[in-house]
Structure formats: C-alpha cells, structure tokens
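To start, the structure itself, in structure tokens.
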Amino acid sequence: MKDAPSSNVLTMGSTIDLLGQHHQDVLDRLAEVDAGLRTGGVFDLAPFAAFLSRDVCAHFAIEEEALFPIMARHLGTGQGPLAVMDAEHVAFRGLLHALQDTLAAGDVPGQRDAAAEIVHLLRSHIHKEDHVLFPMASHVLSIEEQQEVDRRAAALTHTAATA
Ligand SMILES: [Fe+2]
C-alpha cells in the first residue's frame with residue numbers, strides 16, 4: 000500500500016510550522032552568541048540585543064496573540080503549560096531590558112551575564128515549546144481553531160510589515 004500523508008499532517012496549522020522554523024533560526028543565533036561568550040574576548044552584543052527585540056519579540060507576539068489564546072480554551076491559563084510559557088516570556092523581557100541597560104551603560108560584564116542568561120532561558124523555553132506545547136496544540140486544536148490561529152498570525156504579520 001502506498002504511504003498516504005496522515006490527516007494530522009494535512010491539517011497541521013501552518014503557524015505552528017512557522018513558529019518551529021523561527022525556533023531553529025533563534026537556536027542558530029544562540030549558538031553563535033554562546034560560542035562568542037565562551038571565547039572570553041571582545042564581543043559586541045548590540046546586534047544580538049537588536050535581533051532579540053525585533054525578531055524574538057515579533058515571534059512572541061504571534062504566540063501570545065494568535066496561538067496561546069486559542070489554546071487557552073482547552074488548557075486554561077492559571078496554571079499548566081501556558082502559565083509557564085507566559086512566565087518565561089516575562090522573564091525574557093526582563094533579561095532583554097537588562098541587556099539593553101547594560102549595553103547603554105557600557106557594562107561589559109553585565110552584558111555578558113544577561114546574554115548568557117538569555118541563551119540559557121531561550122534554549123530551555125524553545126525545547127518545551129517544540130517538544131510539549133506545539134505537539135499539544137496540534138492534538139487539542141480543531142481544524143477550525145488552527146485556521147483561526149493562522150488568521151490571527153497573518154493579521155499580525157501584515158500589521159508588522161506595514162507598520
Ligand atoms: Fe516560541
């Protein structure tokens with residue numbers, strides 16, 4: 000019998016695929032920064048801060064405004080995986096502010112500490128999303144809900160592109 004794609008593959012929300020691709024891009028960037036930090040030499044972290052405030056914050060916006068609210072219908076937000084993801088997004092923003100502040104102040108050790116914490120946090124966070132949250136989304140969301148996530152994400156992407 001010829002292999003046919005499973006219905007799950009056919010109905011997988013494209014936003015979840017897109018977010019997974021973003022994760023790979025972020026992990027590549029984290030690996031570069033981690034390698035730079037480990038050399039102990041001079042290392043300009045301003046481009047990393049710009050990448051975080053632009054690309055990672057846009058990625059978080061898709062999760063927070065398109066994916067998480069639809070998943071919350073099934074999982075709730077007071078506790079459980081969405082509460083953990085939200086708390087880690089808040090922690091990330093705090094560390095990003097610390098990185099920006101230390102860059103502005105020329106505090107090199109502070110920059111390196113903040114960047115190292117961001118690398119650690121994002122690796123752990125992405126691992127949870129890729130291995131727990133996104134498979135859960137594909138499982139609990141109906142086809143209509145996945146399409147709703149896609150529509151919300153498309154509206155956000157359009158808004159960002161025209162802003
Ligand atoms: Fe993510």
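When we follow numbering that gives the first Met the number 0, the leftmost residue of the sequence shown carries the number 0, and every step to the right adds one.
For each residue, glycine too, the CB sits at the ideal point set by N, CA and C.
All values reported here derive from a predicted model rather than from experimental measurement.
Counting every other CB atom within 10 Å of its CB across the protein chains shown gives Ile61 a total of 16 or more, marking it as buried. The beta carbon of Leu44 lies closer than 6 Å to those of Gln110, Ala114 in the same chain, with the five residues before and after it left out. In this model, Arg53 and Ala153 are separated by some 17 Å (Cα to Cα).
Annotation for His73 indicates a beta carbon at 8 Å or more from all heavy atoms of ligand 1. Judged by pairs of C-beta atoms under 8 Å, the region 65 to 80 touches the region 129 to 137, as three or more such pairs exist. Here Leu155 is actually not in contact with Val25; their C-beta atoms are around 18 Å apart, not less than 8 Å.
When only Cα atoms are considered, Gln145 and Ser137 end up about 8 Å apart. Between Ala48 and Leu98 the beta-carbon gap is near 5 Å, inside 8 Å, which marks them as a contact. Beyond the five residues adjoining it in sequence on each side, Ala90 comes within less than 7 Å, by CB distance, of Leu120 in the same chain, given in chain order. One Cα belongs to Val107, the other to Pro80, and the distance between them is close to 35 Å. Ser13 and Asp149 have their C-alpha atoms some 7 Å from each other. Straight across, the Cα-Cα distance linking Ser123 with Thr38 is about 22 Å.
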